[in-house]
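So the sequences go chain by chain: R and Y. Just add 1 to wherever you are in the first sequence, counting from 1, and you've got the numbering used here. Just add 29 to wherever you are in the second sequence, counting from 1, and you've got the numbering used here.
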Amino acid sequence: MTATAPAAAGACDACLRRSLLVAVVAGGIEVARRQRRPLRDVLALDEDDLLAAVGGRKADELRERLDRSSLVELRRAVELAELDAVCRHDPGYPSQLLDDRSAPAVLYVRAVGGAARDRLEAAVGAAHREPPPAVAIVGTRKASDDGLAVARALARGLGAAGITVVSGMALGVDSAAHEGALDAGGTTVAVLAGGADVPYPRSKQRLWGRIATTGLVVSEMPPGRRPFPWNFLARNRVIAGLAAATIVVEAAERSGSLVTAELAVELGRDVGAVPGSVLDWRSRGTNALLRDGASVVRDARDALDLVLGVDGAMVALERATGAATRPPADLEPRLAWLLRALDDGRDTVTAIAADPAQAGDVRAGLMELELLGLVERVAGGRVRRVSPVLGEVAVRAEARA
Amino acid sequence: MLAHVTTFAIHGVESRPVTVEVDLRPGLPSFTIVGLADRAVREARERVRSAILNSGFAFPPKRITVNLAPAHLRKEGPGFDLAIACGVLAAAGQLPAERLERLAVYGELALGGRLRPCRGVLAVAEGAAAAGFEGIVLPVVHAKEAALVEDLGILGAVDLAEVAAVLRGESDGSAASASTPASDDPGGGVRAPDLADIRGHGGPLRALEVAAAGGHNLLLCGPPGTGKTMLAQRLPSILPPLTRAEAIEVTRIQSVAGLRVGGGLAEARPFRAPHHTISAPGLVGGGTPPQPGEATLAHQGVLFLDELAEFGRAALEALRQPLEDGRVAIVRGQRTAVYPTRFMLVASTNPCPCGYAGSDRCRCGEADVARYRRRLSGPLLDRLDLLVDVQRPTAHDFAAEPVARSARVREAVIAARLRQAARLDGTGASCNAQLGSAQLRRHVRLDGAGAEVLRRAYDRGALSPRGHDRVVRVARTIADLDGSDVVRAGHLLEALGLRQDVLAGASQEAA
Numbered sequence: 002m003t004a005t006a007p008a009a010a011g012a013c014d015a016c017l018r019r020s021l022l023v024a025v026v027a028g029g030i031e032v033a034r035r036q037r038r039p040l041r042d043v044l045a046l047d048e049d050d051l052l053a054a055v056g057g058r059k060a061d062e063l064r065e066r067l068d069r070s071s072l073v074e075l076r077r078a079v080e081l082a083e084l085d086a087v088c089r090h091d092p093g094y095p096s097q098l099l100d101d102r103s104a105p106a107v108l109y110v111r112a113v114g115g116a117a118r119d120r121l122e123a124a125v126g127a128a129h130r131e132p133p134p135a136v137a138i139v140g141t142r143k144a145s146d147d148g149l150a151v152a153r154a155l156a157r158g159l160g161a162a163g164i165t166v167v168s169g170m171a172l173g174v175d176s177a178a179h180e181g182a183l184d185a186g187g188t189t190v191a192v193l194a195g196g197a198d199v200p201y202p203r204s205k206q207r208l209w210g211r212i213a214t215t216g217l218v219v220s221e222m223p224p225g226r227r228p229f230p231w232n233f234l235a236r237n238r239v240i241a242g243l244a245a246a247t248i249v250v251e252a253a254e255r256s257g258s259l260v261t262a263e264l265a266v267e268l269g270r271d272v273g274a275v276p277g278s279v280l281d282w283r284s285r286g287t288n289a290l291l292r293d294g295a296s297v298v299r300d301a302r303d304a305l306d307l308v309l310g311v312d313g314a315m316v317a318l319e320r321a322t323g324a325a326t327r328p329p330a331d332l333e334p335r336l337a338w339l340l341r342a343l344d345d346g347r348d349t350v351t352a353i354a355a356d357p358a359q360a361g362d363v364r365a366g367l368m369e370l371e372l373l374g375l376v377e378r379v380a381g382g383r384v385r386r387v388s389p390v391l392g393e394v395a396v397r398a399e400a401r402a
Numbered sequence: 030m031l032a033h034v035t036t037f038a039i040h041g042v043e044s045r046p047v048t049v050e051v052d053l054r055p056g057l058p059s060f061t062i063v064g065l066a067d068r069a070v071r072e073a074r075e076r077v078r079s080a081i082l083n084s085g086f087a088f089p090p091k092r093i094t095v096n097l098a099p100a101h102l103r104k105e106g107p108g109f110d111l112a113i114a115c116g117v118l119a120a121a122g123q124l125p126a127e128r129l130e131r132l133a134v135y136g137e138l139a140l141g142g143r144l145r146p147c148r149g150v151l152a153v154a155e156g157a158a159a160a161g162f163e164g165i166v167l168p169v170v171h172a173k174e175a176a177l178v179e180d181l182g183i184l185g186a187v188d189l190a191e192v193a194a195v196l197r198g199e200s201d202g203s204a205a206s207a208s209t210p211a212s213d214d215p216g217g218g219v220r221a222p223d224l225a226d227i228r229g230h231g232g233p234l235r236a237l238e239v240a241a242a243g244g245h246n247l248l249l250c251g252p253p254g255t256g257k258t259m260l261a262q263r264l265p266s267i268l269p270p271l272t273r274a275e276a277i278e279v280t281r282i283q284s285v286a287g288l289r290v291g292g293g294l295a296e297a298r299p300f301r302a303p304h305h306t307i308s309a310p311g312l313v314g315g316g317t318p319p320q321p322g323e324a325t326l327a328h329q330g331v332l333f334l335d336e337l338a339e340f341g342r343a344a345l346e347a348l349r350q351p352l353e354d355g356r357v358a359i360v361r362g363q364r365t366a367v368y369p370t371r372f373m374l375v376a377s378t379n380p381c382p383c384g385y386a387g388s389d390r391c392r393c394g395e396a397d398v399a400r401y402r403r404r405l406s407g408p409l410l411d412r413l414d415l416l417v418d419v420q421r422p423t424a425h426d427f428a429a430e431p432v433a434r435s436a437r438v439r440e441a442v443i444a445a446r447l448r449q450a451a452r453l454d455g456t457g458a459s460c461n462a463q464l465g466s467a468q469l470r471r472h473v474r475l476d477g478a479g480a481e482v483l484r485r486a487y488d489r490g491a492l493s494p495r496g497h498d499r500v501v502r503v504a505r506t507i508a509d510l511d512g513s514d515v516v517r518a519g520h521l522l523e524a525l526g527l528r529q530d531v532l533a534g535a536s537q538e539a540a
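(1) Can you tell me the Cα-Cα spacing of Ala241/Y and Ser266/Y, whole angstroms?
(2) Taking the alpha helix (DSSP H) that Arg143/Y belongs to, which residues open and close that run?
(3) What does Leu367/R reach in chain Y if we use C-beta pairs closer than 8 Å?
(4) Note down, in chain order, every chain R residue with its Cβ under 8 Å from the Cβ of Pro382/Y.
(5) I'd like the span of the beta strand (DSSP E) that includes Tyr385/Y, first residue to last.
(6) Any beta carbon of chain Y sitting closer than 8 Å to that of Arg142/R?
(7) Kindly indicate which residue of Ala139/Y, Gly330/Y, Cys115/Y, Pro318/Y has the alpha-carbon position closest to the one of Glu5/Y.
(8) Grab the span of the alpha helix (DSSP H) containing Ser176/R for me, first residue to last.
(9) Three Cβ pairs or more, each shorter than 8 Å: is that satisfied between the region 451-468 of chain Y and the region 247-264 of chain Y?
(10) Consult DSSP for Ala32/Y and reduce its assignment to one of helix, strand or coil.
(11) According to DSSP, is Val432/Y helix, strand or coil?
(12) List, from N- to C-terminal side, the alpha helix (DSSP H) runs of 4 residues or more that fit wholly inside the region 292-380 of chain Y.
(13) For Val125/R and Thr189/R, which I take to be in contact (beta-carbon distance under 8 Å), what is that distance rounded to the nearest angstrom?
(14) Using the three-state DSSP reduction, which class does Asp214/Y fall into: helix, strand or coil?
(15) Would Ala428/Y count as contacting chain R if we go by Cβ distances under 8 Å?
(16) Spell out the partners DSSP gives Asn96/Y in its beta bridges.
(17) Which complete beta strand (DSSP E) runs does the region 107-141 of chain Y hold, if anything under 3 residues is left out?
(18) Distance check for Thr280/Y and Arg364/R, CA to CA, integer angstroms please.
(19) Under DSSP, the beta strand (DSSP E) around Leu177/Y begins and ends at which residues?
(20) Over what stretch of residues does the beta strand (DSSP E) that includes Cys250/Y continue unbroken?
(21) Would you check if there are 3 or more beta carbon pairs closer than 8 Å linking the region 44-62 of chain R to the region 246-262 of chain R?
(22) Run through chain Y and tell me which residues come within less than 7 Å of Pro357/R, C-beta to C-beta.
(23) Could you tell me which chain R residues have their CB closer than 7 Å to the CB of Arg489/Y, listed as they occur along the chain?
(24) Which residues in the same chain as Gly287/Y place their Cβ atom closer than 6 Å to its Cβ, once the five residues preceding and following it in sequence are excluded?
(25) How is Ala8/R classed by DSSP in three states: helix, strand or coil?
(26) Using a Cβ-Cβ cutoff of less than 6 Å, which residues in the same chain neighbour Ser377/Y once the five nearest sequence positions on both sides are dropped?
(27) Determine which residues of the region 504-525 of chain Y have a Cβ less than 9 Å from any Cβ of chain R, and write them out in chain order.
(28) The region 390-407 of chain Y: which residues have C-beta closer than 9 Å to a C-beta of chain R, in chain order?
(29) Is Thr272/Y a contact residue of the ligand PLP, with contact defined as CB to any heavy atom under 7 Å?
(30) Tell me which residues share the same chain as Gly335/R and place their Cβ nearer than 7 Å to its Cβ, disregarding the 5 neighbours each side in the sequence.
(31) Taking only beta-carbon positions, decide if Arg401/R is within less than 8 Å of chain Y.
(32) If you follow the beta strand (DSSP E) that Thr1/R is part of, which residue opens it and which one closes it?
(33) For Gln283/Y, count neighbouring Cβ atoms within 10 angstroms of its own Cβ and tell me buried if that reaches 16, exposed if not.
(34) Give me, in chain order, the residues of the same chain whose beta-carbon lies closer than 6 Å to that of Val239/R; leave out the 5 immediate sequence neighbours on both sides.
(35) Return no unless some Cβ of chain Y is closer than 8 Å to the Cβ of Thr349/R.
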């Protein structure tokens with residue numbers, strides 16, 4: 002608590018007022034979005050123009066509301082919500098956002114356990130500093146099991162290699178990416194559309210708590226705000242802006258993830274995509290990105306190549322494999338045998354033990370592997386290897402073939 | 030002239046004595062029934078009149094008043110016909126009244142005088158024995174069922190004329206063994222479902238064995254058409270055979286519900302699979318007059334709820350108390366009927382709305398799946414100790430030999446149940462599934478490695494506090510199947526592999 006008070010005061014009045022302005026005219030911006038006005042252009046307007054553009058006849062009324070709202074109260078709300086406010090003029094503001102005129106004036110940061118500024122700097126850098134490499138992993142909310150596994154594996158690899166994983170905490174790919182990074186002990190940043198103190202979607206409350214504890218939850222909206230639809234598009238520019246590269250795992254043809262990829266291109270960042278079947282509707286968007294020149298990302302190694310270059314990737318790779326969950330060499334033979342059975346594609350208890358008399362032992366063995374962190378249970382009673390951090394996707398593809 | 034005949038009214042799954050008083054007075058001919066009789070009883074007048082006339086007796090052209098006592102008890106159904114007819118004949122002097130004092134009478138009449146089968150004969154016979162009658166006159170199809178009651182003379186009759194002969198002492202009625210159709214085992218002659226009918230499904234079969242051994246409620250999760258129902262139907266075949274006391278309970282319930290006509294003791298454990306559109310009263314009992322629900326019909330057997338998520342919320346919530354208490358009390362106005370409901374619950378569900386989670390065919394998003402799982406009532410899921418995923422059998426499985434036979438599995442189950450019975454003697458619990466938290470701590474010993482496994486699973490977040498007890502219960506059963514007094518690591522690991530937190534996780538997180 003004591004750490005947050007001076008920090009919140011760190012955001013300057015002008016920036017806080019700007020952030021309040023965006024919140025006050027949020028409804029108007031939503032109208033503008035429906036009229037297909039380019040969102041980044043709208044958000045880049047200064048106060049008078051923005052009020053005139055989206056306020057219309059109610060511009061004066063909105064200005065009055067803005068004048069009435071008190072910055073002291075906002076500061077108190079930030080403190081109460083256990084957030085930190087970092088504004089554009091703050092040395093802690095990530096430098097890579099500064100070249101975007103539409104970037105948020107204030108980032109509200111939730112970091113449980115304090116030291117929000119240090120953590121923010123470690124994760125995505127600060128002003129006057131070359132930003133540390135970060136990768137955004139985004140994709141559809143309706144991901145397939147494979148898509149989720151790929152997202153998790155990518156994030157796990159990146160996390161283990163010390164790369165920050167940025168995403169939007171949405172259902173599906175986004176959440177899987179956060180989880181993967183957390184599992185590998187890496188840093189992850191969730192950019193929310195609404196207030197950083199409001200877990201959205203609500204079913205991800207637990208994940209929200211985990212991210213805020215070891216990573217960061219960030220938003221440009223003042224505390225307590227529920228998101229408008231445009232907020233989701235707007236936070237995509239923050240995701241794309243914070244990361245050196247954006248990787249789309251699965252996306253349908255008209256997906257928000259593609260918007261993020263477009264924004265990344267506009268901001269001069271790299272874009273990667275995970276290829277998928279040309280028949281799968283969830284791969285239409287990613288395959289289209291590849292056709293348009295995005296980098297092919299098959300596994301965490303490809304992602305590392307993308308952000309660090311080949312040499313840097315080698316260094317990070319060694320670091321990551323050191324932390325990887327390799328099957329221990331002294332694994333009991335029966336457990337090693339089970340792992341081999343999984344690699345052969347026999348991934349259910351019944352497939353491994355046709356005889357119910359052995360099913361009990363097999364189930365117990367798989368559970369033991371699960372407790373060792375070598376396998377995980379997925380939908381439909383299947384068991385999947387959690388193989389070494391890198392190259393997981395390739396291993397699975399081989400197993401399937 | 031006055032005559033008394035004793036018969037019985039069904040109340041819950043028991044019977045209450047009802048005295049039928051028939052009074053004949055000179056006057057304009059009339060026939061009145063008083064004493065809280067329902068429509069079916071009042072209609073008895075027409076059946077009784079025709080049956081008497083068609084059996085060669087004269088119907089007294091008098092003012093007839095029939096009183097059913099005690100008057101405060103509501104009487105339902107056609108079971109009073111025979112008693113009323115006997116009363117009328119006795120009051121008219123066409124039958125000797127003395128024997129009627131010592132015999133109970135129960136049965137429905139057809140217009141021609143034949144005795145029709147009716148419900149609840151076993152309960153009635155038990156009531157007659159308890160009330161000190163030396164015998165009971167009833168339709169001959171029920172003779173075998175009534176004969177389950179000791180120290181009671183069974184006088185089966187085909188029609189009213191034969192009843193008259195019995196009462197005059199001219200006949201002992203048709204013997205209990207005579208003309209009993211061989212409808213003892215349901216579907217007589219057809220082989221009961223056996224595990225040998227199943228191909229593949231090694232994992233689920235093992236889970237079924239564990240469930241049967243410990244009396245654990247079971248959740249089968251898998252795509253449509255993979256054999257969940259087939260597995261559930263075969264659960265009774267590996268449960269221990271009914272004891273005589275249990276068999277009598279089952280027979281009594283089935284008789285009251287009108288599910289069995291003729292035949293003696295029920296031999297098979299019941300298997301009930303109500304459709305998911307069933308109402309709460311249909312599931313746990315209810316209505317006026319109160320009727321046993323599916324939960325009671327599954328007493329001592331298996332209640333199978335296919336597509337658990339499709340059942341109405343009210344119905345599933347109503348099931349909680351019967352699951353917990355082993356009985357359900359239906360209160361209707363002036364009376365309370367108590368029905369036993371000690372059954373094993375087997376539920377099945379699709380893993381996601383489309384049913385194909387885990388395969389490429391699945392189109393459900395995380396939100397769809399979470400919504401679907403929220404429909405499963407949390408407290409009900411708490412009572413399901415085991416979750417087993419059922420996959421589509423492969424073509425190879427179909428070509429292979431069956432992997433299990435009911436008889437063999439049943440032996441293992443019986444052995445495990447005996448171990449439990451010995452250990453739980455005097456605790457009120459009869460199998461591991463009934464162990465509460467305190468009893469678990471007292472009766473389940475984990476060895477060092479077992480405790481370590483449990484601790485690791487808990488630390489990894491693989492186990493919720495509520496899931497903890499469930500896993501220990503199941504591990505105890507697996508150890509029993511293994512013939513071990515101590516619960517070892519292997520037992521706990523298998524139990525953890527069968528835990529159902531995976532499914533409950535989504536709903537708990539959202540709650």
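Glycine included, each C-beta is placed from N, C-alpha and C at the ideal position. As the structure is a computational prediction, the values presented were derived from the model and not from experiment.
Let me spell this out:
(1) 10 Å
(2) Premise fails: Arg143/Y is in no alpha helix (DSSP H) and is neither H nor E.
(3) Gly526
(4) Result: empty, since nearest Cβ-Cβ is about 12 Å, beyond 8 Å.
(5) Counted as a single uninterrupted DSSP element, the stretch harbouring Tyr385/Y is not any beta strand (DSSP E), since DSSP gives it neither H nor E.
(6) yes
(7) For residue 5/Y there is no data in the structure shown, the boundaries of chain Y being 30 and 540.
(8) 174-184
(9) Taking 8 Å as the limit for Cβ pairs, the verdict is that the region 247-264 of chain Y does not touch the region 451-468 of chain Y.
(10) strand
(11) coil
(12) With a minimum length of 4 residues, the continuous alpha helix (DSSP H) runs that stay inside the region 292-380 of chain Y are 309-313, 323-326, 342-347, 349-354.
(13) In fact, because the Cβ distance is near 11 Å, the residues do not count as touching under 8 Å.
(14) Confidence in Asp214/Y is poor, its pLDDT being 45 and thus under 50, which makes the residue's placement unreliable; the coordinate value appears in the next sentence. Reduced to three states, the DSSP call for Asp214/Y is coil.
(15) no
(16) Glu50/Y, Val63/Y
(17) 132-134
(18) 39 Å
(19) That residue, Leu177/Y, is in no beta strand (DSSP E); it is neither H nor E in DSSP.
(20) Start and end: 247-250.
(21) no
(22) Gly231, Leu234, Arg235, Glu238, Val432, Ala433
(23) Leu372
(24) Arg148
(25) Annotation note: pLDDT 45 at Ala8/R (below 50); position unreliable, coordinate value reported separately. In the structure shown, Ala8/R sits in a helix (DSSP, three-state: H, G or I).
(26) Leu249, Lys257, Asp335
(27) Under the 9 Å Cβ criterion, the region 504-525 of chain Y contributes Ile507, Leu510, Asp511, Ala518, Gly519, His520, Leu521, Leu522, Glu523, Ala524, Leu525.
(28) For the region 390-407 of chain Y, the set of positions with a beta-carbon nearer than 9 Å to some beta-carbon of chain R reads Cys391, Arg392, Cys393, Gly394, Glu395, Ala396, Asp397, Val398, Ala399 in chain order.
(29) In terms of ligand content, the structure shown is empty, and the ligand PLP therefore cannot be addressed.
(30) Looking at the sequence provided, one finds Arg at residue 335/R rather than Gly. Around Arg335/R: Gly366.
(31) Note that Arg401/R has pLDDT 45, beneath the 50 cutoff, so the model's placement of it is unreliable and the number below is only indicative. Among the CB atoms of chain Y, none fall inside 8 Å of the CB of Arg401/R.
(32) Shown here, chain R extends from 2 to 402; a query on residue 1/R therefore has no answer.
(33) buried
(34) Val192.
(35) yes
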